[in-house]
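Residue numbers (my numbering): 56 to 439.
Worksheet: one structure, shown below.
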Amino acid sequence: MNNIFLMPSKILSGIGAINQLEPHVRNKGDKALIVSDNIMTKIGNVERVSNILDKCGISYEVYDEVNSEPTDVVVEKGVAVFQQTNCKFIIALGGGSPIDAAKAIGFMSVSSGKINDYMGEVINTEIPYLVAIPTTAGTGSEVTQFTIITDTENNVKMLLKGPALMPKLAVVDPEFTVTTPPAVTVATGIDALTHAIEAYTSKRAQPLSDVFALSAIKRIYDNLNVVFKNGQNMQARYEMSLGALEAGIAFNNSSVTIVHGMSRPIGAIFHVPHGVSNAILLAKCLEYAIAGHVTRFAEIAKTIGIYKETMSELEAAQKLVSVIEQFCKTLQVPTLEELKINRDEFYRNLDKMAEDALESGSPANALRNFNKDEIIEIYIKLWE
Ligand SMILES: [Fe+2]
56 MNNIFLMPSK
66 ILSGIGAINQ
76 LEPHVRNKGD
86 KALIVSDNIM
96 TKIGNVERVS
106 NILDKCGISY
116 EVYDEVNSEP
126 TDVVVEKGVA
136 VFQQTNCKFI
146 IALGGGSPID
156 AAKAIGFMSV
166 SSGKINDYMG
176 EVINTEIPYL
186 VAIPTTAGTG
196 SEVTQFTIIT
206 DTENNVKMLL
216 KGPALMPKLA
226 VVDPEFTVTT
236 PPAVTVATGI
246 DALTHAIEAY
256 TSKRAQPLSD
266 VFALSAIKRI
276 YDNLNVVFKN
286 GQNMQARYEM
296 SLGALEAGIA
306 FNNSSVTIVH
316 GMSRPIGAIF
326 HVPHGVSNAI
336 LLAKCLEYAI
346 AGHVTRFAEI
356 AKTIGIYKET
366 MSELEAAQKL
376 VSVIEQFCKT
386 LQVPTLEELK
396 INRDEFYRNL
406 DKMAEDALES
416 GSPANALRNF
426 NKDEIIEIYI
436 KLWE
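Shown next, in the form of structure tokens:
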């Protein structure tokens, strides 16, 4: 079997990597659009970037209104700012939301119609030069060809993909992540862990994605607890940033599976942040996924050091599931009840959520077949 493996063109990584940005933006145009959120402006991160642009004599416009997961409306407004102020390239600064929004803004600045028209298409249109600077260790959006935009008319999360959406430069600097509060650190960290586990257990996994996926799983498993307890631990933050980056590279090439498939409908209907809904689903989905994933789960167990020689592969796989369940508990992942989701409304939506999950195509990437009834069963188990 032959595989294609996509890698971003350039990654600057390390503590203080942002200080190396200057030569990489010097010739990209006389005006940049900085896509971010208002917290980044408030805590001075936008200024850290704009100071570098000032040094290069590049003017800029700040669009810092991507304050939650991006919608078609937020993207349209960003496109208007980009075009009306004559920007030439884009710098995305923030968690996955501003980076996802920036990809869509770049694409729609050179495309006609509405973003909803492009759902399900492979995007090949060249977009303006895009720099992505993640401020959380989670989505891996800085190195992926995906963007998730909510279609506000139909309450559905649209997945747009294509190599053209991959940022040309990713700046992975853990200094931007130290201010991330513990709950967000956990949600985004488990999102990254989910990317890595799903990339490793996807039908579309390949030898190169396996390398990045296993490395990411180990880094995140070893460090997420550390940064949860002490967000100022820069070395552990660096490991988390690298883990999220590796997980991004892995799932960019082998895609995600059941957790992400089931997570998006919860996010779209109940407005639960992406990382949180993944975290809620992870252990339950893994439990159901054991059949079909025994060997790969056992490999993960070996990688994170919980395998013992006396164990059978099945025992190792079961051990992994129980360890991940405990891991999420220790990290205080909330329940749907704690998030004040209305149980009756959740039950009323079971059918739609299961259908949307299957329609996303992600569950079909798993090594075990999931049908609609099983997906509904897992959703119900979240309330136990
Ligand atoms: Fe994700």
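All residues carry an ideal CB built from backbone N, CA and C; glycine is no exception.
Exposed unless 16 or more other CB atoms sit within 10 angstroms - verdict on residue i
i: residue 346; result: exposed
i: residue 398; result: exposed
i: residue 61; result: exposed
i: residue 190; result: buried
i: residue 428; result: exposed
i: residue 128; result: exposed
i: residue 181; result: exposed
i: residue 153; result: buried
i: residue 415; result: buried
i: residue 294; result: buried
i: residue 420; result: buried
i: residue 165; result: exposed
i: residue 381; result: exposed
i: residue 377; result: exposed
i: residue 168; result: exposed
i: residue 133; result: buried
i: residue 278; result: buried
i: residue 403; result: exposed
i: residue 365; result: exposed
i: residue 126; result: buried
i: residue 373; result: buried
i: residue 106; result: exposed
CB of residue i within 9 Å of CB of residue j, strictly
i: residue 330; j: residue 202; result: no
i: residue 401; j: residue 313; result: no
i: residue 104; j: residue 70; result: no
i: residue 192; j: residue 334; result: no
i: residue 186; j: residue 348; result: no
i: residue 183; j: residue 84; result: yes
i: residue 150; j: residue 92; result: yes
i: residue 296; j: residue 234; result: no
i: residue 353; j: residue 371; result: yes
i: residue 211; j: residue 411; result: yes
i: residue 417; j: residue 316; result: yes
i: residue 303; j: residue 274; result: no
i: residue 148; j: residue 98; result: no
i: residue 146; j: residue 159; result: no
i: residue 29; j: residue 433; result: Only positions 56 to 439 of the chain appear in the structure, and residue 29 is not among them; the question remains open.
i: residue 336; j: residue 355; result: no
i: residue 351; j: residue 255; result: yes
i: residue 171; j: residue 120; result: no
i: residue 379; j: residue 341; result: yes
Whole-angstrom C-beta distance between residue j and residue i, which should lie under 8 Å
i: residue 199; j: residue 221; result: 7 Å
i: residue 205; j: residue 124; result: 6 Å
i: residue 3; j: residue 301; result: Because the chain is modelled from 56 through 439, residue 3 falls outside the range shown and cannot be assessed.
i: residue 87; j: residue 144; result: 5 Å
i: residue 217; j: residue 178; result: 3 Å
i: residue 283; j: residue 394; result: Residue 283 to residue 394, Cβ: 19 Å. No contact.
i: residue 310; j: residue 257; result: 5 Å
i: residue 225; j: residue 113; result: In fact, because the Cβ distance is near 19 Å, the residues do not count as touching under 8 Å.
i: residue 325; j: residue 396; result: 5 Å
i: residue 142; j: residue 116; result: 6 Å
i: residue 409; j: residue 430; result: 4 Å
i: residue 261; j: residue 307; result: Not confirmed; about 12 Å, so no contact.
i: residue 305; j: residue 268; result: 4 Å
DSSP three-state assignment for residue i, whether helix, strand or coil
i: residue 233; result: coil
i: residue 149; result: strand
i: residue 266; result: helix
i: residue 62; result: coil
i: residue 334; result: helix
i: residue 279; result: helix
i: residue 273; result: helix
i: residue 349; result: helix
i: residue 254; result: helix
i: residue 422; result: coil
i: residue 314; result: helix
i: residue 213; result: strand
i: residue 405; result: helix
i: residue 226; result: strand
Contact test: residue i Cβ vs ligand 2 heavy atom, cutoff 8 Å
i: residue 330; result: Absence of ligand 2 from the depicted structure is noted, with ligand 1 being the only ligands included.
| task | Identify every run of the beta strand (DSSP E) within the region 163–211, keeping only runs that are complete inside it and at least 3 residues long; order them along the chain. | result | For the region 163–211, the continuous beta strand (DSSP E) assignments of 3+ residues that do not extend past its boundaries occur at 185–189, 201–206, in sequence order.
| said: List, from N- to C-terminal side, the beta strand (DSSP E) runs of 3 residues or more that fit wholly inside the region 92–139. | reply: 114–118
| query | At what residue ranges does the region 64–93 contain a whole run of the beta strand (DSSP E), taking only runs of 3 or more? | reply | 65–68, 86–90
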